[in-house]
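>
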Amino acid sequence: MTVEHQPLVNSIIEVKSLKPCSIYTVMKIQPECELQGNSTLTTLKLEKVDIVEDIDCIPGSICYLSDWDISEAIQNGLKKSQMRSHTCGDKSNELCFELRPEDFCSDVNANFAPETCANFNKTKPIPVGSFLNANKIVLVLPERLPAEIQWENKPVNCNGTLAIHYTCQDLDNTNTLNLSQLEPFTNYTCTGRINHGNRSIENTTSFRIDCDVVIKDKKKVSTSNSIRLEWGMSIDKCRPSDLQHLTYRCCCKHSKDSKH
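Mapping the sequence shown onto my numbering, position 224 (from 1) lands on 226, and the numbers just tick up by one.
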């Protein structure tokens with residue numbers, strides 16, 4: 003850290019974003035760029051009151067704000083892979099972490115490293131409303147019937163507090179269907195909606211489920227005036243009851259050596 007020496011002037015130079023509990027060398031330079039001398043200073047230790055927690059500025063994240071440089075202050079409790087670069091609040095420095103699904107409806111703990119001379123944890127309860135602020139539902143689409151849409155990033159600690167409801171429509175019908183009413187070989191658009199108090203978030207997705215149907219054991223029985231065809235089926239991704247609206251088309255033609 004270098005400061006310019008101004009003789010006969012009592013001046014205060016403010017230096018921001020220093021790391022707590024760190025030793026700095028201060029070099030004094032005369033206006034003629036001559037080194038006048040140097041000294042050392044040790045910054046104060048990090049205190050709890052130096053850290054402000056914010057879960058509202060960045061939806062789905064928790065930020066720690068401080069006038070200290072806290073870029074390396076958190077030792078454990080939060081992972082570096084969760085770190086996000088954000089600008090939040092009026093403090094000089096900030097450290098933001100994206101919340102994981104398991105963080106909601108629980109307490110998030112941050113342990114501040116001994117290198118800052120700190121000996122404390124910061125604990126912040128994350129309410130269910132923070133998940134709604136994140137406005138992010140990740141859905142895994144069904145591949146078979148009966149249709150089940152998986153809520154991939156469900157906050158597991160909010161059981162009984164959050165529930166997701168699905169409504170679906172096919173492209174040719176304005177009627178609203180439940181997942182249990184979906185049929186194969188049809189294009190659907192489904193919306194997952196979470197309601198909590200007077201707030202809601204939703205995600206809309208489209209999919210189609212094609213059953214794997216294989217015709218086998220074909221057999222024909224003919225008489226002088228009729229032909230009857232019989233066959234069996236193997237079905238995957240669907241139940242036999244899902245195919246009740248399946249239609250069949252049979253075509254007959256004369257063989258080349260037929261006689262009239």
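We put the beta carbon where it would ideally sit given N, CA and C, even for glycine.
Within its chain, find whatever has a CB closer than 7 Å to the CB of H198; leave out the 5 residues flanking it on each side and keep chain order.
Along the sequence shown, read from residue 1 onward, the residue named residue 198 stands at position 196. So the qualifying residues of the chain are V130, L134, L164.
> Would you mind stating whether N111 and N121 have Cβ atoms separated by less than 7 Å?
Counting from 1 along the sequence shown, the entry for residue 111 is found at position 109. Counting from 1 along the sequence shown, the entry for residue 121 is found at position 119. Against a cut-off of 7 Å, the Cβ pair of N121 and N111 comes out as no contact.
> Would you mind working out which of I128, E150, L184, E16 sits nearest S243, comparing C-alpha positions?
The sequence position of residue 243 within the sequence shown is 241, counting from 1. Ranking the options by Cα distance to S243, first place goes to L184.
> Could you tell me whether the Cβ atoms of C170 and C192 are closer together than 7 Å?
Locating residue 170 in the sequence shown gives position 168, counting from the first residue. Locating residue 192 in the sequence shown gives position 190, counting from the first residue. Yes, these two residues count as a Cβ contact at 7 Å.
> Hey, would you say F106 sits closer than 7 Å to P157, going by beta carbons?
For the purposes of this step, residue 106 is taken as residue 104 along the sequence shown, with counting starting at 1. For the purposes of this step, residue 157 is taken as residue 155 along the sequence shown, with counting starting at 1. For F106 and P157, yes; Cβs fall inside 7 Å.
> Return the first residue and the last residue of the beta strand (DSSP E) that E232 is part of.
Looking up residue 232 in the sequence shown gives position 230. Per DSSP, E232 belongs to the beta strand (DSSP E) from 229-238.
> Can you tell me whether DSSP reads C160 as helix, strand or coil?
Here the question's residue 160 lines up with position 158 in the sequence shown. Looking at C160 - three-state DSSP - the assignment turns out to be helix.
> Considering only the alpha carbon of each residue, which of V140, I229, D56, D71 lies closest to H196?
Sequence index remark: in the sequence shown, residue 196 carries index 194 (1-based). Note that residue 196 is Ile in the sequence shown, not His. It is V140 whose Cα lies nearest to the Cα of I196.
> Counting along the chain, where does the beta strand (DSSP E) carrying P127 start and finish?
As a working note, residue 127 is residue 125 in the sequence shown. That run of the beta strand (DSSP E) goes 123-128.
> Grouping DSSP H, G and I as helix and E and B as strand, with all else coil, what is G62?
Locating residue 62 in the sequence shown gives position 60, counting from the first residue. G62 falls in the coil class under three-state DSSP.
> Between which residues of its own chain and H262 is the CB-CB distance below 6 Å, once the five residues before and five after are set aside?
Residue 262 sits at position 260 when you count from the first residue of the sequence shown. Per-residue confidence for H262 stands at a pLDDT of 45, beneath the threshold of 50, marking its modelled position as unreliable; no derived number is given.
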